[in-house]
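Participant: Quick one: this structure, given as structure tokens, is what I'll be asking you about.
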Amino acid sequence: MPSLFASYLRVYEPLTAFDRERQVFWREYAREGRDLGLVEGPARQRTAVLEALGAGWTRLPDLPDEAYVLEWDGAVLVCPWNLRLRVAEAALNARDGVPAVLADAFVPPVLAGQAKAVVEDWRSGAKVLEQGVPRVHEQISTWGVPLRWFAFVDLEEREISLASRRRVLRYRTEISKARRRAHRAVSVLRKSLGDAPITEAVEEGTRWLEEFHPRSVVELDYGGLVNLLPEDSLTADDSPGLVAAGLSALSRGDAESATEAYEDLVARWRVVQLLERCN
1041 MPSLFASYLR VYEPLTAFDR ERQVFWREYA REGRDLGLVE GPARQRTAVL
1091 EALGAGWTRL PDLPDEAYVL EWDGAVLVCP WNLRLRVAEA ALNARDGVPA
1141 VLADAFVPPV LAGQAKAVVE DWRSGAKVLE QGVPRVHEQI STWGVPLRWF
1191 AFVDLEEREI SLASRRRVLR YRTEISKARR RAHRAVSVLR KSLGDAPITE
1241 AVEEGTRWLE EFHPRSVVEL DYGGLVNLLP EDSLTADDSP GLVAAGLSAL
1291 SRGDAESATE AYEDLVARWR VVQLLERCN
């Protein structure tokens, strides 16, 4: 489930990426200004999921269509929430680490099977492309930013605002640029590290990016994490630059410089991860 202390990797697609019915719906949705902002949205998502979890549990509920809306180069793009998937994930997570009797009482096996099918459908990129399974436009990570996400953006694309109580730090880029960076990162990692976990993680992210319309926009949003870090740390943050430097060092065969960049990045985000233990 979404957390207030979370980061987000989102893809906004143009209306032409959807079927005719969805295009009409999202166009009206955007025109009427029904979308929530990036500050209010995560809390609303969390509330919707929690309310659905207590809705009798006879089946996975049908939830309203919601999305973030972005205007980019004069076009309207949307990032649907896909709340049904969020509920399915929450149902499966609720069973983890719980005795079978309690798990079955809260999330019956039949319902758990439905939830598992929903989650497996979206995880299968081929099924998404071939059978029209709704794409998942938003990935969520609590108490930190997955380091692989920084490979998709560039430091020059940063947008930062610390002037008001609503802090914002995010990166936005055309998906074509994100894909090129992702493929380059995979190539460098595979040649240098082989089938390492980081290589597989970046490959998975690359496959995810390939699911979307070529005129989409990718957004890496620090979300509520901006409220955990002091202003000077946010202003000085150059995490995408460190990832780029590490990849360049690997491509040159400079393992020492690559290790130094990686250790700097890990040390920077360990501060946030340690706050989870204190929470």
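Residue numbers (my numbering): 1041 to 1319.
Backbone N, C-alpha and C define an ideal beta-carbon position, used for all residues, glycine too.
On a predicted model such as this, the values are computed, not experimentally measured, just so you know.
1) Within the chosen definition, does the region 1074 to 1087 reach the region 1277 to 1284 through at least 3 CB pairs nearer than 8 Å?
2) Tell me whether residue 1073 is buried or exposed, calling it buried when 16 or more other Cβ atoms sit within 10 Å of its Cβ.
3) Please look up how many angstroms separate the CB atoms of residue 1129 and residue 1159, rounded, as I've assumed it's under 8 Å.
4) Would you say residue 1182 lies against chain B (beta-carbon separation less than 9 Å)?
5) Here's the rule I'm using: 16 or more other beta-carbon atoms within 10 Å means buried, otherwise exposed. How should residue 1085 be labelled?
6) Give the DSSP-derived three-state secondary structure of residue 1047 in the structure shown.
7) Quick check: the region 1248 to 1268 against the region 1184 to 1196, are there 3 or more CB pairs under 8 Å?
8) Tell me the rounded alpha-carbon separation between residue 1247 and residue 1315.
9) Can you give the Cα-Cα distance for residue 1070 and residue 1210, rounded to whole angstroms?
10) Quick check: what's the CA-CA separation for residue 1303 versus residue 1188?
11) Quick check on DSSP: helix, strand or coil for residue 1201?
12) Under 8 Å by Cβ, that's how I've got residue 1219 and residue 1249 pegged, so tell me the actual separation to the nearest angstrom.
Facilitator: This is what the structure gives:
1) The count of Cβ pairs closer than 8 Å, one atom from the region 1074 to 1087 and one from the region 1277 to 1284, stays below three, leaving the stretches out of contact.
2) exposed
3) Sure, about 6 Å apart at Cβ, within 8 Å.
4) In the structure shown, chain B does not exist; there is a single protein chain.
5) So residue 1085 ends up on the buried side.
6) Secondary structure at residue 1047: strand, using DSSP grouped into helix, strand and coil.
7) yes
8) 32 Å
9) Distance from the CA atom of residue 1070 to the CA atom of residue 1210, rounded to whole angstroms, is 22 Å.
10) 14 Å
11) strand
12) Indeed, because the Cβ distance is near 5 Å, the residues count as touching under 8 Å.
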